[in-house]
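> Here you go, one structure.
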Amino acid sequence: MIVLGIETSCDECSFALVRDGREIISHVVVSQVDFHKPYDGVVPEIASRKHIELITPVFKRCMEQASLHDVSIADIGGIGVTTHPGLAGSLIVGLNYAKALAFALDVPLVGVNHIFAHLYAPQLEREIEYPYMGLLVSGGHTMITKVNDYNDIEVLGASIDDACGEAFDKVAKHYGMGYPGGKVIDDLAANGNPHAYNFPFSNLYKSAEKYDISYSGLKNAAINQTDKFWDGSSQRSIENLCASFQRVAIDSLLKKLEAAAEDCGIRRIVAGGGVAANSYLRRRLASRPEYRVYFPSMELCTDNGAMIAGIAHRHIENREIDDLNLSVSSRVRGFRRI
Ligand code: KG4
Ligand code: ZN
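FYI, the numbering used here numbers position 284 of the sequence shown as 1056, with every residue one higher than the one before it.
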């Protein structure tokens, strides 16, 4: 079966056709980043208006790519669309498009949890046995999870304040480095000393919060208290600041992830979300021979329609299908919190 995946939860407008939950036939991702850059962050009203402009051209381009593989609109056997979490106005654009197509083509429709889809993404490239630890790090969410199946995820820990990517974006915004900040900091950090600033690690010790993480202290230190944490021996530079911030942001996260993996007795780790593109995170995890670590390719790390089509296929084959009354939610839901 060929499933169409539609993703419009934030500032990417994306469509993909995926055969049997794995083989990507066509995939188009259009980023709106240039429209949000002047504001150093995503402006929800601009995002939803741009999705309205982009959605038909992006769908058409996806079908043009598919025609090169002799696949046409008549071959679509089901539709998956992100319904939560995300920006409500942007989600509505994708959902209404999906409903119209599902009605016109008379095919099943599935509302997809965006976070479940991120943690499913590497399955499009190779089969990974369940359960695995799922690290979801994006601009909106930071979660340490146990993924029991494509539709069964337990949240073990999460950020109690800023999301990891959000902390990168806010530090970059403060120093006028550009948007999105994660990639800029990653690039600048390559030439910096990661120990020039001894920024504070996230300290949440209480047992109920064992795997939770906080980024506001680190963010505040990197923005307002650099003197206090500067080692004094190296030359001050923005590269040193980026490298030091990145080291602590990622190492705090990995400390929690490794503790959770140890306690669950699970050695497989899947990382997803925009921050999973971070080169330091990839290097650090790759250097741990005791874990089998799976990163999606860069294309499948950030928001994309292929991961939506892939997981929607699993839902459809298990008859987990929605009706045309389906609605969106900006909230995270559908998880078991333990
Ligand atoms: O998953 P995503 O594309 O969108 C959502 O937030 O859902 O993630 C975007 C986030 C932004 O905060 C961006 O700064 C961050 O991912 N990011 C990175 C890198 N590339 C993107 N953070 C750290 N290092 C990177 N190389
Ligand atoms: Zn995302």
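All residues carry an ideal CB built from backbone N, CA and C; glycine is no exception.
Count the C-beta pairs between the stretch 857-869 and the stretch 1046-1059 that are closer than 8 Å, then say yes if the count reaches three, no if not.
Touching, no, given that fewer than three Cβ pairs across the two stretches are closer than 8 Å.
> Comparing alpha-carbon positions, which option in 895, 1078, 981 lies nearest residue 929?
As a first step, residue 929 is located in the sequence shown; it is residue number 157 there, counting from the start. Residue 981 is the option with its Cα nearest to residue 929.
> Output yes or no for whether 7 Å exceeds the beta carbon distance between residue 819 and residue 786.
In the sequence shown, the residue the question calls residue 819 occupies position 47. In the sequence shown, the residue the question calls residue 786 occupies position 14. Not in contact: residue 819 and residue 786 (Cβ atoms no closer than 7 Å).
> If you drop the 5 nearest sequence neighbours on each side, which residues of the same chain put their C-beta closer than 7 Å to that of residue 950?
In the sequence shown, the residue the question calls residue 950 occupies position 178. Result list for residue 950: 944, 956, in chain order.
> Which ranges does the alpha helix (DSSP H) cover as unbroken runs of at least 4 residues, wholly within the stretch 869-934, from first to last along the chain?
Within the stretch 869-934, the complete alpha helix (DSSP H) runs of at least 4 residues are 886-892.
> Just the C-alpha distance for residue 920 and residue 1003, rounded to the nearest angstrom, thanks.
Locating residue 920 in the sequence shown gives position 148, where the first residue counts as 1. Locating residue 1003 in the sequence shown gives position 231, where the first residue counts as 1. Looking at the two C-alpha atoms, the distance is approximately 44 Å.
> Around the Cβ of residue 891, are there at least 16 other Cβ atoms within 10 angstroms (buried) or fewer (exposed)?
Along the sequence shown, read from residue 1 onward, the residue named residue 891 stands at position 119. The residue is buried, with at least 16 neighbouring Cβ atoms inside 10 Å.
> Alpha carbon to alpha carbon, what distance is there between residue 868 and residue 958?
As a working mapping, residue 958 is identified with position 186 in the sequence shown. As a working mapping, residue 868 is identified with position 96 in the sequence shown. Rounded to the nearest angstrom, the two C-alpha atoms are 37 Å apart.
> Taking one C-beta from the stretch 1073-1092 and one from the stretch 1053-1064 each time, how about it: are there three or more such pairs within less than 8 Å?
No, they do not touch.
> In the DSSP assignment, find the beta strand (DSSP E) that holds residue 786 and state where it starts and stops.
Stepping through the sequence shown from its first residue, residue 786 is reached at position 14. Where residue 786 is concerned, the enclosing beta strand (DSSP E) stretches over 784-791.
> Excluding the 5 residues preceding and the 5 following residue 1041 in the sequence, name in chain order all residues of the same chain whose CB lies nearer than 6 Å to its CB.
Taking the first residue of the sequence shown as 1, we reach residue 1041 at position 269. Only 905, 1063, 1065 meet the Cβ criterion.
> Keeping to the same chain, check which residues put their C-beta closer than 7 Å to that of residue 1094; ignore five residues upstream and five downstream.
Residue numbering aside, residue 1094 sits at position 322 when the sequence shown is read from its first letter. Correct list, in chain order: 881, 882, 883.
> Excluding five sequence neighbours on each side, which residues of the same chain lie with their C-beta closer than 6 Å to the C-beta of residue 1110?
Residue 1110 sits at position 338 when you count from the first residue of the sequence shown. Its pLDDT being 49, under 50, residue 1110 is placed unreliably in this model, and the coordinates cannot settle the point.
> In or out: residue 775 buried (at least 16 other Cβ within 10 Å) or exposed?
Counting from 1 along the sequence shown, the entry for residue 775 is found at position 3. So residue 775 ends up on the buried side.
> What does a CB cutoff of less than 7 Å around residue 833 pick up in its chain, not counting 5 residues either side in sequence?
Numbered from its first residue, the sequence shown carries residue 833 at position 61. Correct list, in chain order: 800.
> On the three-state DSSP scale, how would you describe residue 820?
Numbered from its first residue, the sequence shown carries residue 820 at position 48. Reduced to three states, the DSSP call for residue 820 is helix.
> Going by DSSP, what residue range makes up the beta strand (DSSP E) through residue 778?
In the sequence shown, the residue the question calls residue 778 occupies position 6. Residue 778 -> beta strand (DSSP E) spans 774-779.
> Between residue 777 and ligand 1, is there a pair consisting of the residue's CB and a ligand heavy atom that are separated by less than 6 Å?
Position 5 of the sequence shown, counted from the start, is the residue given in the question as residue 777. Result no, Cβ not under 6 Å from ligand 1.
> Could you give the distance in angstroms between the alpha-carbon of residue 939 and the alpha-carbon of residue 991?
One-based indexing of the sequence shown puts residue 939 at position 167. One-based indexing of the sequence shown puts residue 991 at position 219. Straight-line Cα distance between these residues: approximately 6 Å.
> Between which two residues does the beta strand (DSSP E) holding residue 854 run?
Mapped onto the sequence shown, residue 854 falls at position 82. Here the beta strand (DSSP E) through residue 854 covers 848-856.
> Could you tell me whether the stretch 894-902 touches the stretch 869-878, using the rule of 3 or more Cβ pairs below 8 Å?
Because the criterion of three Cβ pairs below 8 Å is not met, the stretch 894-902 and the stretch 869-878 do not touch.
> Would you mind giving the Cβ-Cβ distance between residue 849 and residue 773, rounded to the nearest angstrom? I have them listed as a contact below 8 Å.
By one-based count along the sequence shown, residue 849 stands at place 77. By one-based count along the sequence shown, residue 773 stands at place 1. Indeed they touch by this definition, with Cβ atoms about 4 Å apart.
> At a threshold of 6 Å, does residue 865 count as lining ligand 1 (C-beta to nearest heavy atom)?
As a first step, residue 865 must be located in the sequence shown, where it is residue number 93. No - ligand 1 has no heavy atom lying nearer than 6 Å to the Cβ of residue 865.
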